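*Asks:*
There are 2 protein chains.
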Amino acid sequence: MDRKIVDETIAQMGLEDFSTVTIRDIAKLSKKLEQITGEPFVHLEMGVPGLRPSEIGINAEIDALRNFCAQSYPPNDGIAPVKEAASRFVKAFIGLDIDPLCCMPTTGSMQGTFAVFTTIKHARPEKDTVLFIEPGFPVQTTQCDVIGLKHIGIDIYDKRGEKLLTALEAILQSGNINAIVYSNPNNPSWVCFTDEELKGIGALATKYDVIVLEDLAYFAMDFRQDLSHPFEAPYQVSVGNYTDNYILSISGSKAFSYAGQRIGVSCISNALYHRHFDAIAKNFGVGEFGNFMANRILYTLSSGVTHSAQFALAAMMNAACDGRYNFLADVAEYGRRAKFMKEVLTANKFYLVYDNDMGNPLADGFYFTVQYPGMTAVELTKELMYYGVSVFPLNTMGSEQQGVRVCTSFFHDSLRDVFRSRIEQFAKEH
Amino acid sequence: MDRKIVDETIAQMGLEDFSTVTIRDIAKLSKKLEQITGEPFVHLEMGVPGLRPSEIGINAEIDALRNFCAQSYPPNDGIAPVKEAASRFVKAFIGLDIDPLCCMPTTGSMQGTFAVFTTIKHARPEKDTVLFIEPGFPVQTTQCDVIGLKHIGIDIYDKRGEKLLTALEAILQSGNINAIVYSNPNNPSWVCFTDEELKGIGALATKYDVIVLEDLAYFAMDFRQDLSHPFEAPYQVSVGNYTDNYILSISGSKAFSYAGQRIGVSCISNALYHRHFDAIAKNFGVGEFGNFMANRILYTLSSGVTHSAQFALAAMMNAACDGRYNFLADVAEYGRRAKFMKEVLTANKFYLVYDNDMGNPLADGFYFTVQYPGMTAVELTKELMYYGVSVFPLNTMGSEQQGVRVCTSFFHDSLRDVFRSRIEQFAKEH
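For the record, the sequence lines run as chains Y and S. Under our numbering, think of the first position of the first sequence as 214, with each following residue one higher. Under our numbering, think of the first position of the second sequence as 214, with each following residue one higher.
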């Protein structure tokens, strides 16, 4: 890319200070540069699924529309078919028993986490702070800001295993933490917690009575193991095996490439669903945690979830449970892309930032993190722009490390040669 | 109905105290009694559309799904076609100019009002109370409780015209009101504000700098006039003609019988959309009201609205603007039902509670309010249960009057004789 054009465009967009840049800024800038230069970018900044959505979902949705599902309000906590399918899916791929009642569809996982945070805020006014295991999805901390919850973060970079648990416990002892939040696999680092770590987190959640929100946006995408066989080990690991204080957030966006229809599911442990909290009983007339979340929070947020999308998710989950639809075979494509890109990058002086999983190699998946010697995250993001490669700096994602996030979703095979030559040129000139 | 069975079922459900009953309690109780007795109820309690959804919407949605709209995240503030269609619809049927940018689809009007309240809370921390013109939709006050906004109400029963404006101004003078909320036509009374009243409300909104949230859930359903001709007077009246401080909430649920897909649109006046508020600039990095609502609130609430449903609403609104689809011809059925039911009731000692519109007869529409001499709202609700007629007491809807709400949506012609004979028997025995 012509450095002058890039600099001018950055100045025009008022983005000189790259340190406060958002994902949408990067996307806009790189698209603008494509228009101006006529040169296509390699887009690695966005966490947007790049695969075709499941036909099973689309067909179920069309059938539901033909059967006039558009007419009637859906129940606040979801139609029976999706509640049953989600319960079955959790059993088939995690091995956990959660009643259909306790599985509630939401307008994307985004609404699910908003609803969970809001529910916790009202149920537990005596504890005011959410603890995020970082790095993570930055919009979840914005959700807390919108709702009026405090939040703190703890970076896993140099804290795994016992060190992580010790650090968590030090914070939990303050007594003001109401929830622990993490994604597994982790966005952006693709670190996957071990069963031992989850056992420790579960024990802490029970001991200090905090609720764990386990974000499974990248469900079962630890491709080092084959997690695709329903009702058979190995399963997606989960804190749900080790505490009753948990809520799983399962998204239809990545696993089923179904982001456009905004459908996910929040699964509350049976014990937590039925647990009574005085504050919500007093202020809203409903003391039961799950009942309050359904009939006060999900109700006031949107009166339930788009009817047809619920039928789609139910159909996709049931097909996966029946073994008729291997959703992981589709998304394994992301892993193949990550493997190739990592090879090119590390052959050209780049190195992985979050570079191991308790001493083991990381899985290849939707994201990974990378850095170039002698640069800051912001410098690398900007320098790669000159080579037609757009990435996202880690500093806005709760990480204390210098580096950038690479998303594999838009990296088609046709871009392999372009990507290699641009990275080689970058390495030659830096 | 056998009184003993009704009493036993009420006791079993723990509903002896009918004064705190919810709509869903009434619906559940009446359905249970139908099962036990084998005798069908006349369901007048729910505000659920009873007509088939528009084919135009369904077909547009199916096309969008076939074109893989399920794959990509929708923009936070909506796809261009629905933004343009909403802007056009507002011009065609209200006569107002609102830019497409300022029209944002939401997951039902429910999400729209939740987003508006949350936006106002953050934009104007110095004003903490929402003023509801009552009676109204009780879930909107629950939304304020969830969000952490105070609210007060003022009953229109004996306050119309100048008296209403005087009463509003007395409250606005306190300086703590951030918004005024009302539905027009009014749920449950079906009172419709006059243009003069809206002019007064608009002037007050400007004078005291409060935002008017005008809920048009029952869009243009004042059937005393024919509001069905696009780009021609008479128009749906609106406060938008008299102040810049307004947001319209237009629902797809009732006008297009499309409740199941959860789609509505919030239309912010151009001036308010672009207005800068210091508090959100400081706390969220976005000072512009509409931009903040789109990219901080709608984003964190659900990352946008189900893609296919946006195409449906765009298609229905455009068809209405083109004059190809008279959506009011469909819903005029509700008016015919109301007329019949009012005749039967008033011939049998019942009387309308909210019984006139500034001296004129009320319109016949989706709801009306009714009472029987010598009873409280709760007593009447319970007594009608014994006759297989389920209604909803007004006391939970912010009204200071005794009476019940009747919804016409599920009242098919086949029920006319049953309804008449049950009401006649009721009158004979009371």
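Just so it is clear, CB atoms sit at the ideal spot from N, CA and C, and this is done for glycine as well. Given the structure is predicted, the values throughout are model-derived calculations rather than measurements.
#1: Output yes if chain Y places a C-beta closer than 8 Å to the C-beta of C620(S); else output no.
#2: Report all residues from its chain with a CB closer than 6 Å to the CB of Q474(Y); omit the five preceding and five following residues, and keep chain order.
#3: Could you check whether the Cβ of L278(S) sits closer than 8 Å to any Cβ belonging to chain Y?
#4: So for A392(S), helix, strand or coil by DSSP?
#5: If we ignore side chains and look at the alpha-carbon of each, how far apart do I168(S) and N272(Y) end up?
#6: Can you give me the C-alpha to C-alpha distance between L440(S) and F623(Y), rounded to a whole angstrom?
#7: Compare the C-beta of Y286(Y) with all C-beta atoms of chain S and state if any pair is closer than 8 Å.
#8: Quick one: grab the DSSP three-state call for T513(S).
#9: What in chain S is Cβ-close to I510(Y), meaning under 9 Å?
#10: Within the continuous alpha helix (DSSP H) that includes E592(Y), where are the two ends?
#11: Between which two residues does the beta strand (DSSP E) containing G477(Y) stretch?
#12: Quick one: any contact between the segment 505-525 of chain Y and the segment 341-349 of chain Y, if contact means 3 or more CB pairs under 8 Å?
#13: Could you spell out where the beta strand (DSSP E) holding F345(Y) opens and where it closes?
#14: Could you confirm whether any beta carbon from chain Y is found closer than 8 Å to the beta carbon of G270(S)?
#15: Secondary structure at G415(S), three-state DSSP: helix, strand or coil?
#16: So is Y567(S) in contact with chain Y if we call contact Cβ pairs under 8 Å?
#17: Mind checking S515(S): buried by the 16 CB within 10 Å criterion, or exposed?
#18: Compare the Cα-Cα distances from S232(S) to each of N608(S), F639(S), E642(S), D626(S) and report the closest residue.
#19: Please confirm if the segment 482-489 of chain S is in contact with the segment 282-297 of chain Y, defined as three or more CB-CB distances below 8 Å between the two stretches.
#20: Can you give me the C-alpha to C-alpha distance between K340(Y) and A392(Y), rounded to a whole angstrom?
#21: For chain Y, find out if any of its Cβ atoms is closer than 8 Å to the Cβ of E274(S); answer yes or no.
#22: Could you list which residues in chain A have their beta carbon closer than 9 Å to that of V352(S), in chain order?
#23: Pick from G453(Y), A468(Y), K467(Y): whose alpha carbon is nearest that of L705(Y)?
#24: One question on the structure: do I367(Y) and F330(Y) come within less than 8 Å of each other, judged by their Cβ atoms?
#25: Which of the three DSSP states, helix, strand or coil, is assigned to G270(S)?
#26: Comparing the C-beta of T519(Y) with each C-beta of chain S, is any distance below 8 Å?
#27: Give the DSSP-derived three-state secondary structure of I360(S) in the structure shown.
#28: Does the distance from the CB of P398(Y) to the CB of M610(Y) come in under 8 Å?
#29: Take A336(Y) as the anchor and find which of H520(Y), A494(Y), E637(Y), V394(Y) has the nearest alpha-carbon.
#30: Would the beta-carbon of F306(S) fall within 8 Å of that of A433(S)?
#31: Measuring CA to CA, which of P287(Y), I365(Y), R216(Y), E221(Y) is closest to S466(S)?
#32: Would a check of beta-carbon distances place G321(Y) closer than 8 Å to chain S?
#33: Give the secondary structure of G587(Y) by DSSP, where H, G and I count as helix, E and B as strand, and everything else as coil.
#34: Using C-beta distances below 6 Å, list every residue in its chain close to E613(S), excluding the 5 sequence neighbours before and after it, in chain order.
#35: Compare the Cα-Cα distances from F469(Y) to each of N569(Y), D435(Y), V591(Y), P262(Y) and report the closest residue.
#36: Determine which residues share a DSSP beta bridge with S462(S) and list them.
*Replies:* This is what the structure gives:
#1: no
#2: A522
#3: yes
#4: strand
#5: Residue numbering for chain S in the displayed model covers 214 to 643; residue 168(S) lies beyond these limits and cannot be assessed.
#6: 48 Å
#7: yes
#8: helix
#9: V359
#10: 590-598
#11: 477-481
#12: no
#13: 342-347
#14: yes
#15: helix
#16: no
#17: buried
#18: N608(S)
#19: no
#20: 9 Å
#21: yes
#22: Among the chains of the structure shown, chain A does not appear; the protein chains present are Y and S.
#23: Nothing can be reported for residue 705(Y), as the shown portion of chain Y is limited to 214 through 643.
#24: no
#25: helix
#26: yes
#27: helix
#28: no
#29: A494(Y)
#30: yes
#31: P287(Y)
#32: yes
#33: coil
#34: D368
#35: P262(Y)
#36: D428(S), S479(S)
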